[in-house]
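Residue numbers (the numbering used here), protein chains in the order written: chain Y, 369 to 492; chain D, 642 to 1435. Backbone N, C-alpha and C define an ideal beta-carbon position, used for all residues, glycine too.
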Amino acid sequence: MSEEKYVLIVEDDPFYSNIYKTKIEKEGLAAVLAGDGEKALKVAMEKKPALVVLDLIMPGKDGFQTLVEMRADPNLKDIPVVVLSNLSQEEDIKRVMDLGAKEYIIKSNVPISELIQKIKGYLV
Amino acid sequence: MSLAVVFFMATVVFFTHGYLEQYLFDDIFFERKYDILRASNVLLDESVFRDPYTEESQKTFFRFITILRAGDVIRLTIWDTEGTVLSSDLSSIIGKKAVRHKELNVVYQSRQAFFTEKDIDDNDPVQSTIQPVRIALVPIFIEKKFVGVVEIHMANAAVAMLIARSVHSLAVLLVITGAVLILSMAFIVRRVIVNPIRRIALLSKKIQSGDFSSDTDIASEDEIGGLAGDFNQMKASLRKTIDELERRRRAAEQSEREQHKLSEELRRQNDSLEQNKKAMINIVEDISESEEKLRVQAQELQRFRLAADKSFNHTVITDPDGYILYANEAAVSLTGFSLEEMKGKTPSLWGKQMPHEFYVDMWHQIKTEKKPFSGEITNRKKDGTLYIASARIVPIVDDGKVSFFVATENDITEVKKQREQEMQYIKDLEIVNQRVTTEKVRAEAILRYLRSIGEAVFATDKVGTIVFSNATAASMIGTTPEDIIGKSSQEVFRFCIGDTDKSCDFLPFYEAIKFKKTLPFSAGSFLLGKEGKKIPISGTLSPIIEVKHIAGAIVVFQDITDRYELERMKDRFLSVAAHQLRTPLGSMRWSMELLEDGDLGKLPKKAKEAVGELRKNSNRMMLLINDLLSVSRINQSEVKEVFSEVNMSDIVEEAVSTLQAEAEKKSITIRVVSPKKLPKISLIRKHIFEAVENLVSNAIRYGKEKGHIQISLAIENGFLVLLVADDGIGIPKIAQGDIFSKFFRAENAIQYFTDGSGLGLSVVKFYVEESNGEISFESKENVGTTFIMKFPVK
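Structure (structure tokens):
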């Protein structure tokens, strides 16, 4: 395992996760995929990511719960998290931000190029 | 001197009628006693008592009775020592025996004269008349031997009349005084029955020559001296009396022979001058004694008068016609009129304030009916002040006639005023009481209403203590009104704003009192029910304003769990719907982006154009979805944002930088004009940012290629004014009235830019007004549009 920085992408929809991975790696960054919260936490514990891109609606452990558990774990609580979801309710956004997410991005409102730029920004 | 005494006595008699009456009565009887003693000495001897029923003896008794008889005597009886009538002016009882004559027995035992007053008893066989009389029983002694009793009855009225006469005038009194003297002199005449002129002359000579014993000092007494001087006058009176006596004798006996015999008898008596002299001395002594008595009376009466003068009560005495004869000091001070001013006037001097009928009735009562009057009369003082008097007027009736009136008054103006004031207080209290009762009834009705309405209601005083709660409110926290009244509302009713546990310290009563107006519970308010269950509620909190101060607060709310759940469901639906709509759209957009960018291999030119078109439409669709979500949220008033102090130029800068790229695509230049320093204003930042961004975005969208947008900020008349001016297509006049309506799009806008949802401006207007701002615009088609936002600066 190299020591280079990588982005943990937590996304259950393979279409999205593949686009993220393709685009991120195209930018010369490393990316690891996790299909649900459980897997994400496991991966994060094994290999500390530089950034977590977290979907909210997922089977099994959802994004909210994953975020809560990350915040509760001293080893994970300082990892920046960008939430990427199509949920747009104020309550959801507020909840996520209160749990310490760096940003909340509504997937469909943002062109993928802009999203990649934002991710790159967190890794610098 | 004697005149002065008499005058004084007249005055005194006037005011001490009753007292003097008794006194005079006793005095008259004393006179009788001496008359009897003397007459018996002169006329009677033991032989008549030994053999009383012979013609000779009866004649002697008759003469004796005749001498004692006077106008005031109604019955004369001579008793022996055994209770048998020896002689009487009522011949039918002569020789009869007395039955149960207590007074007579008293005299038999005491051998002293006895005076009394009584109603004649029917049981007494020797009495036949029933009337109140004064009785004198005088023992007769001859040669110191008790031989019998003389009983004299005098009518009460007769005595009273005598006194009344003396009361009315000095002249009458003088007559009484004269009559006393005449009686005394007549007594002498009766005893002597000889030529009175000669006898008195002889007596006078005897007195002048000092023949009387030296202890009768006539010269030392003014009155006696006067009397001595009046002897000549008395001679005439005595002559008249003798004539009268002789006439009566003639009438009584109808016999010249007996008259002659009587003269003979009297002449014989005349011979014993020694006896006469003794009698005269007695008379003089009697007179002296009488004078002494009068002086004592006068002193006592003076005291009475002083008492009357000093009496606290206003006292006035008038004659039967109401003319004032006397008024005491209290009357003077009460009415303000002096005694001189009052005398000879009637009390109308200070009266005449009552209706005429009142005085008519009053006079009828006291004068005609001769009954005392008492009542309240309004009078007027000399200085014009009216006063209310409690008055009592007593008619003094003598012999069936009113001889004068005694009136007393008491000024009760103050008492009356006080009483009236008390009555007024009572009346006021009653009114207040009535009002309180009415209020109570009303309050009870309101409470009944509040108790039975479906909403939860509780009220607190100004420190939050619960003073009222209905069952609905209490049941929401699992208790009863009785259990919570008097408790602190913040402990009993815990209200939370929002869904987090931290914020359960909202104090509705405090908010209502602080803001002095009715406020709604903000959306998302909860009541902490039993077992910590959060009950969503809606309602209002109001201060209870009493006249000018706040007495407490009333909180009305209802359980909106059902509605809340429904809204939550709607919310969830919206959330899910938005998510589910966005997810495939997002995939599509990103896929197109990948295609367009050649990430999936280079596309032929035509295909790339088609993908571009697809992307444009999917963007439009995304905008539509977002706008729809915004509007539906606004309509539910679910979006609750917080006001904060914001610098407007920061918002403008941020919005411009967000849209800069877009503007550059159309080579539009954006210029911001702002004063260096702007005051911060209070608004909902997020929404105003969206509003500004929307306006600038519209300016770009509907601007021409290479056009200009100017955004300027300024302070005008206490408002912060934001202008967003473009030189774009403008708004046609026909469309200007509708541009803030939902889903409205002007014709030219549709042609120029097909993507718009027609919702943007309606959201902008809502956001601006939500932050207490206003929005307006000026536009001319094909020239440009300027939107104007105004927010108040504190």
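F1046 of chain D is positioned such that its CB atom lies closer than 9 Å to that of D960 of chain D. Around D1268 of chain D, no beta-carbon contact reaches into chain Y at under 9 Å, the shortest distance being about 12 Å. The residues I484 and K488, in chain order, have a CB closer than 7 Å to that of E395 of chain Y in the same chain once the five nearest residues on each side in sequence are set aside.
For the pair K1103 of chain D and I1176 of chain D, the CB atoms are not nearer than the 9 Å cut-off. Beyond the five residues adjoining it in sequence on each side, K1171 of chain D comes within less than 7 Å, by CB distance, of I1118 and G1119 in the same chain, given in chain order. Between the region 1180-1196 of chain D and the region 1147-1161 of chain D, the count of C-beta pairs closer than 8 Å reaches three or more; the two stretches touch. Runs of alpha helix (DSSP H) with 4 or more residues, each lying fully within the region 681-707 of chain D, are found at 687-691, listed in chain order. For T390 of chain Y, the chain D residues whose C-beta falls within less than 9 Å of its own C-beta are L1235 and D1240, listed in chain order.
Closer than 8 Å at the C-beta level to chain D, one finds these residues of the region 469-492 of chain Y: I474, K475, S476, N477, P479, I480 and S481. In this structure, the CA atom of I1034 of chain D is about 28 Å from the CA atom of Q940 of chain D. The beta-carbon of S1285 of chain D is placed no less than 9 Å from the nearest beta-carbon of chain Y. Counting only the Cα atoms, A1355 of chain D lies some 48 Å from V1098 of chain D. Sequence-distant partners of E744 of chain D (beyond 5 residues in either direction) whose C-beta falls short of 7 Å from its own C-beta, in its chain, are F755, T757, I776 and L778. Closest option to R1021 of chain D, judged by alpha-carbon separation, among D:T976, D:F1014 and D:P1036: D:T976. At least one CB atom of chain Y sits nearer than 9 Å to the CB of G1227 of chain D.
Taking 8 Å as the upper bound for CB-CB distance, G992 of chain D and Y964 of chain D are not in contact here, some 14 Å apart. Closest in alpha carbon position to R1213 of chain D, among D:L1270, D:A1048, D:S1285 and D:K738, is D:L1270.
Under DSSP, no beta-bridge partner is assigned to R1256 of chain D.
Taking K475 of chain Y as the centre and dropping the five residues before and after it, the same chain places the C-beta of L452 and N454 closer than 6 Å to its C-beta, in chain order.
Here F1381 of chain D really is in contact with K1406 of chain D; their C-beta atoms are around 5 Å apart, less than 8 Å. Under the Cβ criterion of 9 Å, D460 of chain Y is counted among the residues facing chain D. Interface criterion not met: the Cβ of Q433 of chain Y is under 9 Å from no Cβ in chain D. Residue pairing by DSSP places N1020 of chain D opposite D:Y1028 in a beta bridge. Contact between G431 of chain Y and G405 of chain Y holds: their C-beta atoms lie close to 7 Å from each other, under 8 Å.
Residue state for Q1392 of chain D is assigned as helix, using DSSP reduced to three classes. In the structure shown, E1152 of chain D falls within a helical segment according to DSSP collapsed to helix, strand and coil. In the pairwise beta carbon analysis, the region 1309-1322 of chain D is classified as touching the region 1341-1360 of chain D: at least three pairs are separated by under 8 Å.
CA-CA distance, N1335 of chain D to D466 of chain Y, rounds to 28 Å. Taking 9 Å as the cut-off, the beta carbon of F1162 of chain D is found no closer than this to the beta carbon of F1109 of chain D. In the structure shown, the three-state DSSP call for G1344 of chain D is coil. Taken through DSSP and simplified to helix, strand or coil, V451 of chain Y comes out as strand. For R1230 of chain D, the residues of chain Y that pass the 7 Å Cβ criterion are S476, in the order they occur in the chain.
For I425 of chain Y, the nearest CB of chain D lies under 9 Å from its own CB, placing it at the interface with that chain. At least 9 Å separates the CB of R1261 of chain D from every CB of chain Y. At a C-beta separation below 8 Å, A1219 of chain D has these neighbours in chain Y: N454, L455, S456 and Q457. A residue is called buried once 16 or more other Cβ atoms fall within 10 Å of its Cβ, and P417 of chain Y is buried on that count.
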